[in-house]
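Presented below is the structure to which this report refers.
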Amino acid sequence: MSDKIAEEEIAKNPKFIMFNLLRILKFFYSFKELEKMLNIPSQVLWRYTTLRVTPEKETAQKIIAKINELKLIEKAVSKTITGKWELWEIFRNPGILELAALKIVNEFKKNRIDVVLPAPDPYSIALGSIIAAYLRARLCIPVRMFPPGNSLVEVYMPAPNMLDVAAIPRSCIPRKSKVLIVAATTENQSLIEAAVNLALKSRAEIRGLFSLEGSRDAMRRMLAERGQNDSKILVLVEAAESA
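Take 479 as the starting number for the sequence shown in this note's numbering and just add one per residue.
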């Protein structure tokens, strides 16, 4: 089960998680910056990231805890998502997707995720793909073309006076599956609503909703309107809601 695997990878092999965290954080911070924040000499951090030295299990766990305590993942994403930005610019950074995936593994390590269902847009699908791989969960991708009679279909409005279709095979999300909805941003709520509605049509349990950027409160209200009050909502960079 994916929750057991995720827990075991963190609890039994924290060195692997620590190595990946430090490796990816290097896309955003210099060794000197990490040295100051983690209180570990930069030479030691360099040896860890190049696998010339591997720390003890307890040391690795402390480093992971410190990274979580300082919210270095969130701050790294915030360094990228600042001011005026475009999704294509964010996704050029190879560390963004892996950072998001590692954050999800950490947040959902005690909650089984069977299926990752991204919103029906290319950036959410890219993000959902790597998250599914890290969670070792199934990936169910909504598409616009579908075989009649064997699909679940959701019609949504991505823009004013425009309709679009998102569809998945009925077998893509087994009944009672634990689903994680993934979105690159919550800016276009109709995309996320389409994914949520497909999950509910599948009679699945929405365990959580994850977005790189957006409004947590808006997502909470949207899920509550659909009776999903227990779903965990995780937004790495909180955005102010539009008036």
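For each residue, glycine too, the CB sits at the ideal point set by N, CA and C.
Quick one: Cα of residue i to Cα of residue j, how far?
i, j, result
"Pro636", "Ser607", "22 Å"
"Val594", "Met515", "33 Å"
"Leu542", "Arg525", "For the sequence presented, residue 542 should be read as Ile rather than Leu. Rounded to the nearest angstrom, the two C-alpha atoms are 16 Å apart."
"Glu567", "Arg653", "37 Å"
"Met496", "Arg704", "38 Å"
"Val583", "Ala610", "10 Å"
"Leu605", "Ser520", "31 Å"
"Lys588", "Ile684", "15 Å"
"Ala702", "Glu671", "12 Å"
"Glu585", "Gln706", "18 Å"
"Lys540", "Phe569", "30 Å"
"Glu552", "Ser602", "18 Å"
"Ala484", "Asn639", "Bear in mind that the predicted position of Ala484 carries a pLDDT of just 44, short of 50, making it too unreliable to give a figure here."
"Leu641", "Leu575", "29 Å"
"Pro625", "Ile619", "14 Å"
"Ala538", "Asn491", "9 Å"
By Cβ distance, which residues of its chain are closer than 6 Å to residue i, with the 5 residues on each side in sequence left out?
i, result
"Val715", "Val555, Ser556, Ile559, Glu691"
"Lys482", "Only weak support is given to the placement of Lys482: the predicted model assigns it a pLDDT of 39, under 50, and the question is left unresolved by the model."
"Leu512", "Leu523"
"Arg616", "Val593"
"Leu676", "Leu630, Glu632, Ile646"
Roughly how far, in whole angstroms, is the beta-carbon of residue i from the beta-carbon of residue j, given that I think they are within contact range, below 8 Å?
i, j, result
"Ala673", "Ile651", "Wrong, their Cβ atoms sit about 11 Å apart, outside the cutoff."
"Arg648", "Leu630", "6 Å"
"Thr663", "Leu565", "7 Å"
"Met623", "Gln667", "With 8 Å as the limit, Met623 and Gln667 do not qualify as a contact, their Cβ atoms being about 24 Å apart."
"Ser689", "Val713", "5 Å"
Thinking C-beta only, is residue j closer than 7 Å to residue i?
i, j, result
"Val633", "Val621", "no"
"Ile742", "Leu687", "Not covered by the structure: residue 742. The range shown for the chain is 479 to 721."
"Ala717", "Ser693", "yes"
"Lys656", "Asp592", "yes"
"Gly573", "Ile518", "no"
"Ala597", "Leu669", "yes"
Can a CB atom of chain D be found closer than 7 Å to the CB of residue i?
i, result
"Arg698", "Absence of chain D from the displayed structure is noted, only one protein chain being present."
Residues in its own chain within less than 7 Å of residue i by CB, not counting five upstream and five downstream?
i, result
"Lys544", "Leu516"
"Met479", "Low confidence applies here, because Met479 scores a pLDDT of 35, under 50, leaving its location unreliable and the question unanswered by this model."
"Asn571", "Phe505, Thr558"
"Thr532", "Lys493"
"Leu499", "Ile542, Ile545, Leu580"
Going by DSSP, what residues sit across from residue i in a beta bridge?
i, result
"Glu576", "Glu576 pairs with nothing; no bridge assigned."
"Lys656", "Glu683"
"Ile518", "Per DSSP, none; premise fails for Ile518."
"Ser755", "Past the edges of the chain, shown from 479 to 721, lies residue 755, and the structure says nothing about it."
"Leu669", "In DSSP, Leu669 forms no bridge with anything."
"Pro626", "In DSSP, Pro626 forms no bridge with anything."
Among the residues of its own chain, which have a CB less than 8 Å from the CB of residue i, if the five just before and after it don't count?
i, result
"Tyr507", "Met515, Leu550, Ala554"
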